[in-house]
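Notes follow once the structure below has been shown.
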Amino acid sequence: MATAFVPPPTYSNFINGEWLAPRSGKGIEDRNPANHDELVGIFAASDEADVTQAIDAARSAARQWSLTPAPKRAEILYRCAEILVRNKDDYARDMTREMGKVLAETRGDVQEAIDMTYLMAGEGRRLFGQTTPSELVNKVAMSVRVPVGVAGLITPWNFPMAIPSWKVMPALVCGNTVVLKPAEDTPLSTYHLTQALSDAGLPAGVLNVIFGDGPQAGAPMLNNPGIDLISFTGSTEVGRIVSQACAPTFKKCHLEMGGKNIIVVMDDANLDLAIDGAIWGGFGTTGQRCTAASRVAVQKGVYREFAEKFIHRAKSLRVGDGLDPATQMGPCINEQQLKTVMSYVEIGKNEGAKLATGGHRLESGALARGWFHEPTVFTDCDPKMRVCQEEIFGPVVCLIPFDTFDDGLEIANGVNYGLSASIYTRNVNNAFRAQRDLETGIVYVNAPTIGAEVHLPFGGTKNTGNGHRESGLAALDFYAEWKTLYVDYSDRLQRAQIDDN
Ligand code: NAD
1 MATAFVPPPT YSNFINGEWL APRSGKGIED RNPANHDELV GIFAASDEAD VTQAIDAARS
61 AARQWSLTPA PKRAEILYRC AEILVRNKDD YARDMTREMG KVLAETRGDV QEAIDMTYLM
121 AGEGRRLFGQ TTPSELVNKV AMSVRVPVGV AGLITPWNFP MAIPSWKVMP ALVCGNTVVL
181 KPAEDTPLST YHLTQALSDA GLPAGVLNVI FGDGPQAGAP MLNNPGIDLI SFTGSTEVGR
241 IVSQACAPTF KKCHLEMGGK NIIVVMDDAN LDLAIDGAIW GGFGTTGQRC TAASRVAVQK
301 GVYREFAEKF IHRAKSLRVG DGLDPATQMG PCINEQQLKT VMSYVEIGKN EGAKLATGGH
361 RLESGALARG WFHEPTVFTD CDPKMRVCQE EIFGPVVCLI PFDTFDDGLE IANGVNYGLS
421 ASIYTRNVNN AFRAQRDLET GIVYVNAPTI GAEVHLPFGG TKNTGNGHRE SGLAALDFYA
481 EWKTLYVDYS DRLQRAQIDD N
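Take 1 as the starting number for the sequence shown in the working numbering and just add one per residue.
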């Protein structure tokens with residue numbers, strides 16, 4: 001018997017407070033990576049004409065928003081946070097449907113957006129500058145934060161609500177208007193965030209959202225003179241394109257890019273704790289975190305025992321649909337990413353790394369309809385192998401044996417990335433030396449490489465970042481300009497640094 005045809009939901013761009021269809025009239029499918037037969041929605045396939053319209057709307061709203069007192073801007077963020085709290089479970093389910101990570105993690109993703117929204121709402125009554133003494137009499141000196149203008153934000157798919165919130169919330173509280181282009185694989189989570197801000201009372205034009213792919217809907221922001229700053233999170237490859245495109249117009253440009261993170265396990269570590277950390281760090285989010293621990297270097301005294309237990313744990317991970325509470329690891333985000341993982345498995349084998357477990361796509365039963373890959377462990381890896389140097393972004397962990405503490409640190413630092421590193425040890429001297437000498441933006445002791453908290457700076461060195469930081473108060477330094485103010489009430493000419501005063 002025929003059933004009623006239900007068309008998939010379609011989603012438009014959000015420009016000047018209205019949901020507007022893209023000029024092209026075309027859409028991009030958002031499909032469930034655990035079951036690609038399930039169409040989550042069809043989202044606007046935008047191009048330069050839509051982007052220009054969004055930038056114009058953001059520019060028109062910029063003056064009024066910048067003049068809105070920061071505590072008033074913050075009230076909207078507080079209301080938005082409450083909406084996010086109320087809808088956390090629904091948003092998490094939708095996020096699992098569109099990108100596959102398990103419910104506990106998508107709930108965590110929404111929670112991170114809630115935390116960031118509250119944190120930045122609190123900044124509305126602070127946004128501290130510095131008030132200092134002047135070197136001259138009867139003169140006041142201070143610095144204040146002022147908005148930069150229109151912020152262009154480009155985000156990846158692996159933290160579909162958290163990462164947009166890391167950028168949108170500080171941008172808004174600092175008084176900027178925004179054009180946001182989320183990843184094409186996870187637009188639904190951005191749709192929810194946008195709707196929450198709109199329902200919270202954000203004025204028209206202050207936040208504009210353009211759906212679509214990178215070259216069509218992201219790139220037109222980069223050289224448009226109506227955009228004053230760009231904040232990009234994504235791959236190092238695209239980050240380089242973004243950086244170069246921003247240079248001719250001197251846009252303030254913030255890049256958060258790839259990683260090749262490491263857990264260093266010393267002979268004196270609590271081994272079971274280190275194994276728990278390496279499993280969570282390596283296979284959480286199917287290894288698709290910028291902070292994923294894709295390398296685990298283990299000192300030789302405990303290497304065999306660690307490897308045996310770690311392989312056993314990796315083998316026993318339950319892989320499946322993230323909506324099933326029993327699932328511990330979901331699918332890769334899409335077919336292309338699955339193919340990348342499979343190609344790195346071949347690269348590792350050809351380089352002589354020992355494939356200890358995994359290494360194949362999972363295709364039995366319902367798994368055949370998704371982009372699933374076995375949790376995979378390579379042992380006895382040489383740190384110079386490509387699988388130990390390049391970001392794989394999938395459920396593949398390389399175990400690397402080493403001799404001394406210094407060797408462990410050399411391996412840790414011997415990559416082109418610098419996001420997160422961790423050491424498991426009970427030796428307090430080595431713990432502090434590692435914190436000093438690891439060349440990453442984030443260092444953990446006796447905890448895995450993942451687990452950042454929103455009130456501290458987040459970002460990396462080398463090919464991971466370009467010196468700015470996301471999160472915490474550090475974010476304010478990017479989303480606001482410093483303006484320095486002097487008031488001389490002496491009624492005479494006073495000259496700084498000149499000896500005649
Ligand atoms: P990606 O670089 O493919 O895409 C990121 C964003 O850039 C997407 O919105 C995409 O549409 C857009 N884009 C692509 N080409 C563009 C172009 N030419 N011009 C403008 N925009 C363009 O990255 P991804 O696959 O979405 O995410 C995975 C990558 O992100 C990994 O490398 C991961 O390490 C990194 N990442 C880094 C952090 C961090 O904070 N350092 C956090 C999460 C993810």
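The beta carbon of each residue, even a glycine, is placed where N, CA and C say it ideally should be.
Asked                                                                                                                    : Found
Outcome for Thr-132 when other beta-carbon atoms lying within 10 angstroms are tallied against a minimum of 16           : exposed
Residues of its chain near Tyr-486, where Cβ-Cβ distance is below 6 Å and the 5 sequence neighbours each way are ignored : Ala-141
Which of helix, strand or coil DSSP assigns to Phe-211                                                                   : coil
Residues near Ile-392 by beta carbon distance below 8 Å, same chain, minus five either side                              : Gly-287, Ser-294, Thr-340, Val-341, Tyr-344
Per DSSP, the bridge partner or partners of Val-298                                                                      : Val-265, Pro-401
Any non-hydrogen atom of the ligand NAD closer than 8 Å to Glu-453 Cβ                                                    : no
Complete runs of the alpha helix (DSSP H) confined to the stretch 272-316 [at least 4 residues]                          : 300-315
Enclosing alpha helix (DSSP H) for Glu-346 [first to last residue]                                                       : 335-351
Enclosing beta strand (DSSP E) for Lys-483 [first to last residue]                                                       : 480-488
Segment limits, beta strand (DSSP E) that includes Lys-354                                                               : 354-357
beta-carbon Ala-183 near the ligand NAD non-hydrogen atom, thresh 8 Å                                                    : yes
Straight-line gap, Lys-101 to Ala-34 (C-alpha atoms, nearest Å)                                                          : 9 Å
Where Ile-55 sits in the DSSP three-state scheme                                                                         : helix
For Pro-325, the first and last residue of its enclosing alpha helix (DSSP H)                                            : Taken as a continuous stretch (DSSP letters only), Pro-325 belongs to no alpha helix (DSSP H), as it is neither H nor E.
Glu-105 CB to nearest heavy atom of the ligand NAD below 8 Å                                                             : no
Any 3 or more C-beta pairs closer than 8 Å across the stretch 111-121 and the stretch 134-151                            : no
Any C-beta of chain C under 9 Å from that of His-254                                                                     : Among the chains of the structure shown, chain C does not appear; only one protein chain is present.
Distance between beta carbons of Asn-261 and Ala-421, contact taken as under 8 Å                                         : 6 Å
Where Pro-248 falls: helix, strand or coil (DSSP)                                                                        : helix
Buried versus exposed call for Ala-162 [16 or more other C-beta atoms within 10 Å across all chains shown]               : buried
Local Cβ density within 10 Å of Phe-405, reported as buried at 16 or more and exposed below that                         : buried
Contact under 9 Å by Cβ, Gly-322 with Thr-484                                                                            : no
Beta-carbon proximity of Thr-425 to Val-445, cut-off 9 Å                                                                 : yes
Cβ shell of Arg-107 (< 8 Å), same chain only, five flanking positions each side left out                                 : Lys-88, Asp-89, Ala-92
Status (buried if at least 16 other CB within 10 Å, exposed otherwise) for Ala-496                                       : exposed
Run of the alpha helix (DSSP H) containing Lys-26, from where it starts to where it stops                                : No alpha helix (DSSP H) holds Lys-26; DSSP gives it neither H nor E.
Neighbour-count burial assignment, Leu-471, 16 or more Cβ in a 10 Å radius                                               : Per the sequence shown, residue 471 should be read as Ser rather than Leu. Flag for Ser-471 reads buried.
C-alpha distance - Cys-381 paired with Lys-354, whole-angstrom precision                                                 : 7 Å
Minimum length 4: unbroken alpha helix (DSSP H) runs contained in the stretch 156-193                                    : 162-173
Proximity test, Thr-457 beta-carbon vs the ligand NAD heavy atom, cut-off 8 Å                                            : Sequence inspection shows Pro at residue 457; the Thr mentioned does not correspond to that position. Checking every heavy atom of the ligand NAD against the Cβ of Pro-457, none is found closer than 8 Å.
Proximal residues to Arg-59 (C-beta, below 7 Å), its chain only, five neighbours per side dropped                        : Val-150, Gly-226
Host alpha helix (DSSP H) of Ala-113 (start-end)                                                                         : 103-123
Of the listed residues Asn-334, Pro-187, Trp-166, nearest to His-36 (C-alpha basis)                                      : Asn-334
Assigned secondary structure, Ala-44 (DSSP; H/G/I helix, E/B strand, else coil)                                          : strand
Of the residues Ile-400, Gln-111, Arg-126, Gly-320, the one placed nearest Lys-72, counting alpha carbons only           : Arg-126
The stretch 295-309 in contact with the stretch 458-473 per 3-pair CB rule at 8 Å                                        : no
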